[in-house]
Amino acid sequence: MTRKKITLSYIPNGSERKASFKKRKKGLMKKVNEISTLCGVDACAIILSPYNHDPEVWPSSLGVQEVISRFKKLPEWDQGRKMENQESFTRERIKKTKEKLRIQEKENWHKEMTNAMFQCLAGEKLHNFCFLDLNDMEWLLDEYIEDIARKIKSLKKEKHLKNGSSSG
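See the structure below:
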């Protein structure tokens, strides 16, 4: 059973927020344990919450200190190399989403123009299209004509090579 997608926003109801915090904290600790166990890596988690005065840590205070100590011994450049915060993570997601959108819009445009072109070939009147649509359609037709010309040239070359090698 799949869960519904939630929107990430502040939970105004205090008791709901606390319940969500406890559930998610437990899940986070479980994930840190899993990645450490399954992948054989050193990992730790430190959670400072308004519901508990002491920080909650995994695996233990000593384990957390060891991981942090190893991290601090790395050169400064290595420390920040793969570090991610909410802002950089969100910025990267937005960038990827914009790129996907750009690709999808280009694909949709191509399909729309191809469809419009075939409608014209089927006898639909050109006056249903605006100047920009007609301009785009002309560009697309030019692309198709160039593709056809390349294919014809390639086929002629193949035919010439076959005829030349069979007569020799």
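For the sequence shown, the residue numbers in the UniProt record's numbering are 1 to 168.
Glycine residues also receive a C-beta, built at the ideal position from the N, C-alpha and C atoms.
In whole angstroms, what separates the C-alpha of Lys-15 from that of Lys-4?
In the sequence shown, the residue the question calls residue 15 occupies position 15. In the sequence shown, the residue the question calls residue 4 occupies position 4. What sits at residue 15 in the sequence shown is Ser, not Lys. Answer to the nearest angstrom: the Cα atoms are 21 angstroms apart.
At the level of alpha carbons, what is the spacing between Val-67 and Arg-102?
Start at 1 with the first residue of the sequence shown, and residue 67 comes out as number 67. Start at 1 with the first residue of the sequence shown, and residue 102 comes out as number 102. Their Cα atoms are separated by approximately 42 angstroms.
Exposed unless 16 or more other CB atoms sit within 10 angstroms - verdict on Trp-139:
Indexing the sequence shown from 1 puts residue 139 at position 139. By the 10 Å Cβ count, Trp-139 comes out exposed.
Within the same chain, show all residues whose beta-carbon is closer than 6 angstroms to that of Thr-2, passing over the 5 residues directly before and after it, in chain order.
Position 2 of the sequence shown, counted from the start, is the residue given in the question as residue 2. By the criterion of a C-beta distance shorter than 6 angstroms, Thr-2 is surrounded by no residue of its chain, once the five residues flanking it on both sides are discounted.
Going by DSSP, which residues form a beta bridge with Val-57?
Sequence index remark: in the sequence shown, residue 57 carries index 57 (1-based). According to DSSP, Val-57 bridges with Ile-46.
Buried or exposed: where does Glu-113 fall if 16 or more other Cβ atoms within 10 Å of its Cβ makes it buried?
Looking up residue 113 in the sequence shown gives position 113. Before going on, a small fix: residue 113 reads as Met here, not Glu. That one is buried.
If you follow the alpha helix (DSSP H) that Asn-33 is part of, which residue opens it and which one closes it?
Against the sequence shown, residue 33 aligns to sequence position 33. That run of the alpha helix (DSSP H) goes 14 to 39.
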